[in-house]
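> What follows is a single structure, and I will ask about it in a moment.
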Amino acid sequence: MRIKVDYDVCEANAVCMGLAPEVFEVDDQDMLNVLMPEPPAELHDRVRHAARSCPKAAITIVDD
């Protein structure tokens with residue numbers, strides 16, 4: 000699994016961070032940072048849930 004973010008669409012509202020804080024972080028400048036672009040298998044379900052929950056659909060999951 001790889002995570003892609005469309006930063007032109009992302010509003011950095013931190014929904015993903017709330018659901019998977021090990022993977023997503025919104026910094027002090029309101030920019031989304033992906034802390035683990037290729038998260039381990041034990042986080043895949045949470046990352047998929049975070050991607051589905053993004054209000055702007057800015058997060059895409061690429062399965063390898």
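Counted the way numbering that gives the first Met the number 0 counts, the sequence shown spans residues 0 to 63. Cβ atoms here follow ideal geometry from the backbone N, Cα and C, with glycine treated the same way.
Is DSSP giving V8 helix, strand or coil here?
Position 9 of the sequence shown, counting from 1, holds the residue named residue 8. Coil.
> The alpha helix (DSSP H) that contains V46, what's its start and end?
Reading the sequence shown from its first residue, position 47 is the one you call residue 46. It spans 43–52 - the alpha helix (DSSP H) in which V46 sits, taken as one unbroken run.
> Hey, quick one: how far does the beta strand (DSSP E) through V25 stretch, first residue to last?
Numbered from 1 along the sequence shown, position 26 holds the residue referred to as residue 25. V25 -> beta strand (DSSP E) spans 23–25.
> Could you compute how far the alpha carbon of F23 sits from the alpha carbon of V61?
Position 24 of the sequence shown, counted from the start, is the residue given in the question as residue 23. Position 62 of the sequence shown, counted from the start, is the residue given in the question as residue 61. Those two C-alpha atoms are separated by around 16 Å.
> Measure the Cβ-Cβ separation of V46 and M0 and say whether it is below 8 Å.
Taking the sequence shown and counting its residues from 1, one reaches residue 46 at position 47. Taking the sequence shown and counting its residues from 1, one reaches residue 0 at position 1. The answer is yes: Cβ separation under 8 Å.
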